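Just below is one structure, and these are the notes that go with it.
2 protein chains.
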Amino acid sequence: MPLDHGGLEILDTEECRSLLATTPLGRIVFTDRALPAVQPVNYVLADGDVVIRTSPASRLATAAGDAVVAFEIDDFDTASRTGWSVVVIGRARAATGSAELAALRALPLRSWAPGDHDHFIRIHPQLISGRRIPDYSAPAV
Amino acid sequence: MPLDHGGLEILDTEECRSLLATTPLGRIVFTDRALPAVQPVNYVLADGDVVIRTSPASRLATAAGDAVVAFEIDDFDTASRTGWSVVVIGRARAATGSAELAALRALPLRSWAPGDHDHFIRIHPQLISGRRIPDYSAPAV
Numbered sequence: 001m002p003l004d005h006g007g008l009e010i011l012d013t014e015e016c017r018s019l020l021a022t023t024p025l026g027r028i029v030f031t032d033r034a035l036p037a038v039q040p041v042n043y044v045l046a047d048g049d050v051v052i053r054t055s056p057a058s059r060l061a062t063a064a065g066d067a068v069v070a071f072e073i074d075d076f077d078t079a080s081r082t083g084w085s086v087v088v089i090g091r092a093r094a095a096t097g098s099a100e101l102a103a104l105r106a107l108p109l110r111s112w113a114p115g116d117h118d119h120f121i122r123i124h125p126q127l128i129s130g131r132r133i134p135d136y137s138a139p140a141v
Numbered sequence: 142m143p144l145d146h147g148g149l150e151i152l153d154t155e156e157c158r159s160l161l162a163t164t165p166l167g168r169i170v171f172t173d174r175a176l177p178a179v180q181p182v183n184y185v186l187a188d189g190d191v192v193i194r195t196s197p198a199s200r201l202a203t204a205a206g207d208a209v210v211a212f213e214i215d216d217f218d219t220a221s222r223t224g225w226s227v228v229v230i231g232r233a234r235a236a237t238g239s240a241e242l243a244a245l246r247a248l249p250l251r252s253w254a255p256g257d258h259d260h261f262i263r264i265h266p267q268l269i270s271g272r273r274i275p276d277y278s279a280p281a282v
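What follows is the structure, encoded as structure tokens:
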């Protein structure tokens with residue numbers, strides 16, 4: 001596994017895509033009134049896109065509706081100090097059109113937050129990268 | 142507990158500061174070559190600042206050395222779909238000066254990534270906000 005300048009393993013695109021399919025929760029990174037913003041969101045994948053469900057009135061819908069955003073997932077173990085992260089960068093866009101909305105409503109995606117969430121944002125990945133902290137305590141194979 | 146427009150509980154500043162002291166890992170959000178960037182980092186608090194240890198040659202040191210950044214922590218439970226997040230916004234700056242560096246080196250902070258990490262970034266919180274997904278399945282008290 002190749003290492004980056006910081007000694008972290010570089011995950012290949014295929015592994016990043018696999019990891020994206022394993023977790024229910026990520027963090028969307030965008031800009032809100034010229035300040036960096038980050039918000040946890042649950043998500044599903046649809047045709048390779050990250051799909052998020054939110055309220056039409058949310059800050060997320062307003063600020064990230066048509067912008068280049070980052071989307072991050074990770075899983076770390078505090079005891080062993082190991083783990084991995086995957087970051088997707090792509091343009092977010094609000095889903096429109098009755099056929100697309102019907103398809104998205106049929107996804108197994110319910111917002112964890114209460115209330116009306118009939119607004120869908122999809123992020124089409126243009127860059128995918130991932131890193132893993134190697135477990136140096138594990139026996140070499 | 143007051144709710145935001147999305148039905149999430151708004152955590153007060155004191156609770157956010159308490160939560161910041163409970164976790165070892167967060168995510169720093171910055172801009173790298175005009176693109177949104179996000180990276181998991183372990184951290185400690187020092188005099189109320191978020192302190193991160195990185196390599197002097199890292200992308201983080203280069204891009205977030207003197208910029209307004211966001212820093213996010215969260216903890217969610219997939220089964221109950223509950224959890225919380227805290228976001229700090231503030232200016233990041235590289236620590237300089239031998240006295241400051243000596244103090245930071247004495248902190249219980251070792252980067253989880255391998256290699257040289259004798260570069261310290263501290264974020265002085267200017268805005269702190271937090272949200273919690275209420276557990277509607279819990280009995281009302």
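Here the protein sequences come in this chain order: R and A. For the first sequence, this note's numbering assigns the number 1 to the initial residue and increments by one for each residue that follows. For the second sequence, this note's numbering assigns the number 142 to the initial residue and increments by one for each residue that follows. Even glycine gets a Cβ: it sits at the ideal position worked out from N, Cα and C. Because the structure is a prediction, the values reported are computed rather than measured.
May I have a chain-ordered list of the alpha helix (DSSP H) segments no shorter than 4 residues that lie completely inside the region 213–268 of chain A? 239–246
What number of angstroms, rounded off, separates the C-alpha of residue 44 of chain R from the C-alpha of residue 74 of chain R? Locating residue 44 of chain R in the first sequence gives position 44, counting from the first residue. Locating residue 74 of chain R in the first sequence gives position 74, counting from the first residue. Rounded to the nearest angstrom, the two C-alpha atoms are 15 Å apart.
Note the first and the last residue of the continuous alpha helix (DSSP H) segment covering residue 200 of chain A. Within the second sequence, residue 200 of chain A is the residue found at index 59, counting from 1. Per DSSP, residue 200 of chain A belongs to the alpha helix (DSSP H) from 200–204.
Is the shortest distance between the beta-carbon of residue 213 of chain A and the beta-carbons of chain R less than 8 Å? The count along the second sequence starts at 1 and reaches residue 213 of chain A at position 72. Closer than 8 Å to some Cβ of chain R, the Cβ of residue 213 of chain A qualifies, so yes.
Euclidean distance between Cα positions of residue 222 of chain A and residue 109 of chain R: Residue 222 of chain A sits at position 81 when you count from the first residue of the second sequence. Residue 109 of chain R sits at position 109 when you count from the first residue of the first sequence. Cα-Cα distance, rounded: 12 Å.
Contact check, residue 168 of chain A vs residue 181 of chain A, beta carbons under 8 Å: Indexing the second sequence from 1 puts residue 168 of chain A at position 27. Indexing the second sequence from 1 puts residue 181 of chain A at position 40. Yes, Cβ-Cβ distance for residue 168 of chain A and residue 181 of chain A is below 8 Å.
Would you kindly work out how many angstroms separate the C-alpha atoms of residue 254 of chain A and residue 150 of chain A, rounded to a whole number? Numbered from 1 along the second sequence, position 113 holds the residue referred to as residue 254 of chain A. Numbered from 1 along the second sequence, position 9 holds the residue referred to as residue 150 of chain A. Approximately 34 Å, taken between the alpha carbons.
Contacts of residue 37 of chain R in chain A (Cβ-Cβ under 7 Å): The sequence position of residue 37 of chain R within the first sequence is 37, counting from 1. Within chain A, the residues near residue 37 of chain R are 211.
For the structure I just gave you, are there three or more beta carbon pairs, one from the region 218–232 of chain A and one from the region 263–271 of chain A, closer than 8 Å? yes
Comparing the C-beta of residue 197 of chain A with each C-beta of chain R, is any distance below 8 Å? Along the second sequence, one-based indexing puts residue 197 of chain A at 56. So, not an interface residue.
Would you list, in chain order, the members of the region 213–231 of chain A that have their beta-carbon closer than 7 Å to a beta-carbon of chain R? 213, 215, 217, 219, 222, 226, 228, 230
In chain A, what lies closer than 9 Å to residue 5 of chain R by C-beta? Residue mapping note: residue 5 of chain R aligns to position 5 of the first sequence, counting from 1. Here the neighbours are 196, 198, 199, 200, 256.
What do you reckon, are the CB atoms on residue 202 of chain A and residue 236 of chain A nearer than 8 Å? Your numbering for residue 202 of chain A matches position 61 in the second sequence. Your numbering for residue 236 of chain A matches position 95 in the second sequence. Cβ distance not < 8 Å, so residue 202 of chain A and residue 236 of chain A don't count as in contact.
From residue 207 of chain A to residue 106 of chain R, what distance separates their C-alpha atoms? On the second sequence, position 66 is the one that residue 207 of chain A refers to. On the first sequence, position 106 is the one that residue 106 of chain R refers to. Roughly 45 Å separates the two Cα atoms.
Check whether the Cβ atoms of residue 133 of chain R and residue 92 of chain R sit closer than 8 Å, and answer yes or no. The residue given as residue 133 of chain R occupies position 133 in the first sequence. The residue given as residue 92 of chain R occupies position 92 in the first sequence. No, they are not a contact pair.
What are the boundary residues of the alpha helix (DSSP H) that includes residue 33 of chain R? Reading the first sequence from its first residue, position 33 is the one you call residue 33 of chain R. Unbroken run through residue 33 of chain R: none, as it is neither H nor E.
Looking at the secondary structure, which residues open and close the beta strand (DSSP E) in which residue 11 of chain R lies? Numbered from 1 along the first sequence, position 11 holds the residue referred to as residue 11 of chain R. From DSSP, the beta strand (DSSP E) with residue 11 of chain R extends over 9–11.
Any idea what DSSP makes of residue 137 of chain R, helix, strand or coil? Along the first sequence, one-based indexing puts residue 137 of chain R at 137. Residue state, collapsed to three classes: coil.
Expressed to the nearest angstrom, what Euclidean distance is found between the alpha-carbon atoms of residue 252 of chain A and residue 183 of chain A? As a working mapping, residue 252 of chain A is identified with position 111 in the second sequence. As a working mapping, residue 183 of chain A is identified with position 42 in the second sequence. Answer to the nearest angstrom: the Cα atoms are 7 Å apart.
From which residue to which residue does the beta strand (DSSP E) around residue 22 of chain R run? Walking along the first sequence from the start, residue 22 of chain R turns up at place 22. Per DSSP, residue 22 of chain R belongs to no beta strand (DSSP E) and is neither H nor E.
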